[in-house]
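Okay, so the sequence shown: first residue is 103 according to the working numbering, each after it adds one.
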Amino acid sequence: MRPSPRRALQALDRFNAAHPWDHNAHYHRWMLRQLPRRFGSALDVGSGTGDLARLLATRADHVLGIDSDPAITSRARALTPEPAHASFTVMDAAAELPAGPFDAVTCVATLHHLPFTETLHAFRSRLAPGGTLVVVGLYRPATFTDHALGAIAAPLNAATGWLKNRSRRAPRPASMTARTRPADMPFTDITEATRATLPGAHLHRRLFWRYTLTWTNRVSSRLGVWTPADPEEPCDRDR
103 MRPSPRRALQ
113 ALDRFNAAHP
123 WDHNAHYHRW
133 MLRQLPRRFG
143 SALDVGSGTG
153 DLARLLATRA
163 DHVLGIDSDP
173 AITSRARALT
183 PEPAHASFTV
193 MDAAAELPAG
203 PFDAVTCVAT
213 LHHLPFTETL
223 HAFRSRLAPG
233 GTLVVVGLYR
243 PATFTDHALG
253 AIAAPLNAAT
263 GWLKNRSRRA
273 PRPASMTART
283 RPADMPFTDI
293 TEATRATLPG
303 AHLHRRLFWR
313 YTLTWTNRVS
323 SRLGVWTPAD
333 PEEPCDRDR
C-alpha cells in the first residue's frame, strides 16, 4: 500500500527535524559578495546569534547587530570573541533603528516580522552615499513558479541536511533558536512595494523558500560609488 501524500510529508518533516541545517547561513557568503572588500560600518538587523555580523566584521571597521530578543542577543555577545569588530544591542527594529549612516545594512529572515514598506524607507534613510542594502527574506508561495521552486527545494533540503550532518541525527544549530513566524507577503507584492520604495533594486526568488533584495544608494559623494567585489548580472526581478 502506497503511503498517502500527507504521511509522506509528515515523514519528510520528521527527517528534516532530525537533520537540521541553517537556510539563512547558506546565503551569508553570497551576501558578503555583494559588498566591497573593505568598508567602514554595517548594521545587521535581526542579528540573532551574530553569525552574519561576525562575518561582516572581517571586512568592516565596525558592525552593529540589533535584535529584539534579549536572550539571543546575550548569546551573540557570548559567541563573539575579542577583539572582533562587532557589537550587539537589544533594539526593536519595528520601533527604531540606529541613526547611522552605515555603509551596509543587512537583514536576514527578519523583514517579514516588520512593516515592509516602512522598514524599507528606514533602511534607505540609514544608508550612507554609495552604501548597499542586502536582504535575504521569506515570502508566501502564491504562484506556479513559487510552488515549483518549493517542490525542487524539498528533496534538496533533505539531502543537504543529511550531508551537512554526516547522516547523523543532530540538534538544531544555535542560529536556529531565534523566534520564527511564517511569511504572509507573496513575492509579487514584495516586488511591487520594493520598486516603489527603492527604484533600481534587484530581487530574485531563491531556493529554500527565500528571496534576495539588493539596492545601492546611488547618491553622489566625494568618494564616488563603489562596485561590488563579485557583482551578479543585473536583474530587476525574476520572471
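In this text, a Cβ means the ideal position worked out from N, Cα and C, and glycines have one as well.
Report yes if the C-beta distance between residue i and residue j is below 9 Å; otherwise report no.
i             : j             : result
leucine 145   : threonine 208 : yes
alanine 196   : threonine 234 : no
proline 203   : alanine 159   : no
arginine 139  : arginine 161  : yes
serine 143    : histidine 164 : yes
arginine 308  : threonine 247 : no
glutamine 136 : threonine 316 : yes
Nearest to residue i by CA position, among the options, is which residue?
i              : options                           : result
histidine 130  : Thr296, Val238, His306 and Arg308 : Val238
histidine 223  : Leu300, Trp311 and Phe310         : Leu300
valine 236     : Asp169, Leu199, Ala211 and Ala250 : Ala211
isoleucine 292 : Phe218, Leu166, Gly167 and Arg177 : Phe218
leucine 213    : Arg135, Ala285, Arg177 and Phe310 : Ala285
arginine 342   : Phe141, Pro183, His215 and Ala303 : For residue 342 there is no data in the structure shown, the boundaries of the chain being 103 and 341.
isoleucine 254 : Phe310, Ala201 and Pro288         : Phe310
histidine 249  : Arg179, Arg312 and Ala178         : Arg312
arginine 281   : Thr151, Met133 and Gly252         : Thr151
aspartate 169  : Trp132, Val147 and Glu184         : Val147
glycine 167    : Asp194, Leu305 and Ala298         : Asp194
Looking only at its own chain, which residues have a Cβ that is under 6 Å from the Cβ of residue i, when we skip the five neighbours before and after it?
i                 : result
valine 192        : Pro172 and Thr175
phenylalanine 225 : Val207 and Leu235
Need the endpoints of the alpha helix (DSSP H) that residue i sits in, please.
i             : result
histidine 130 : 130-135
threonine 290 : 289-299
leucine 166   : Premise fails: leucine 166 lies in the beta strand (DSSP E), 162-169, not in any alpha helix (DSSP H).
alanine 155   : 153-158
Might you give, ordered along the chain, the residues of its own chain that have their beta carbon closer than 8 Å to the beta carbon of residue i, omitting 5 neighbours on each side?
i             : result
threonine 290 : Ala244 and Thr245
Taking residue i as part of the beta strand (DSSP E), name the residues at either end of that continuous run.
i             : result
proline 231   : 229-239
threonine 316 : 312-318
serine 176    : Looking at the DSSP string, serine 176 is not in any beta strand (DSSP E); the run it does join, the alpha helix (DSSP H), is 172-181.
arginine 140  : Where arginine 140 is concerned, there is no enclosing beta strand (DSSP E), given that its DSSP letter is neither H nor E.
histidine 304 : 304-308
aspartate 189 : Note that residue 189 is serine in the sequence shown, not aspartate. Element bounds for serine 189: 188-192.
aspartate 205 : 204-210
Quick one: what's got a C-beta closer than 7 Å to residue i's C-beta in the same chain, skipping five residues either side?
i              : result
arginine 341   : For arginine 341, the predicted model reports a pLDDT of 38, less than 50, meaning its position is unreliable; a value from the coordinates is still stated below. So no residue of the chain qualifies.
methionine 287 : His214, Phe218, Tyr241 and Arg242
With a threshold of 8 Å, are at least 3 pairs of Cβ atoms found where one atom belongs to the segment 125-143 and the other to the segment 177-192? no
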